[in-house]
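So in the numbering used here, spot 72 of the sequence shown is number 794, and the numbers just go up one at a time.
Notes to accompany the following structure.
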Amino acid sequence: MDLRVIENEETELSIEIAGEDHTFMNVLKGALLETEGVAAATYDMNPEQSGGQTDPILSIKTESGTAPLDALEAAAANVKDKATAFRDAFEAAA
Numbered sequence: 723m724d725l726r727v728i729e730n731e732e733t734e735l736s737i738e739i740a741g742e743d744h745t746f747m748n749v750l751k752g753a754l755l756e757t758e759g760v761a762a763a764t765y766d767m768n769p770e771q772s773g774g775q776t777d778p779i780l781s782i783k784t785e786s787g788t789a790p791l792d793a794l795e796a797a798a799a800n801v802k803d804k805a806t807a808f809r810d811a812f813e814a815a816a
């Protein structure tokens, strides 16, 4: 996964995440919206036919006192924990 920071301000972060699609981006966006201190999280992905970018750009806005990179780290850890719990439950049921 290649990441490219587009904007990194005190309460705003825009980052391009190469090679990902709507599936991953929706999960990450949802985890961000559940993260304390996150005011808004969204992503934009234009189809190739539009002439725009093809890799999604994640945008995060946080409340004062919450660094966007810290919020992203917390959300990613949350996604990892949920995926691990799902895998363990699935394997236990098999």
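Ideal placement from N, C-alpha and C gives every residue a C-beta, glycine not left out.
What first and last residue would you give for the alpha helix (DSSP H) that runs through residue i?
i	result
A816	Element bounds for A816: n/a, residue is neither H nor E.
Here's a check: name, in chain order, each residue in its chain whose Cβ is nearer than 6 angstroms to the Cβ of residue i, leaving out the five neighbours to either side.
i	result
I737	L725, V727, L780
D766	I779
Go to residue i, then tell me how far its beta strand (DSSP E) extends in each direction, as first and last residue.
i	result
T764	760-766
D724	724-730
Please decide whether residue i counts as near chain B, where near means a Cβ-Cβ distance under 8 angstroms.
i	result
D743	Note that chain B does not occur in the displayed structure, where there is just one protein chain.
Check residue i in the structure and name its three-state DSSP category.
i	result
D792	helix
T776	coil
T784	strand
Can you list, in chain order, the residues of its chain whose CB lies under 8 angstroms from that of residue i, leaving out five sequence neighbours each side?
i	result
L791	N730, L735
E742	M723, D777, P778
Check the C-beta distance from residue i over to residue j and give it rounded, since I have them as a contact under 8 angstroms.
i	j	result
A761	T784	6 angstroms
When you compare the segment 794-812 with the segment 741-752, are there three or more beta-carbon pairs, one atom per stretch, that lie closer than 8 angstroms?
Flag = yes, the segment 794-812 and the segment 741-752 touch.
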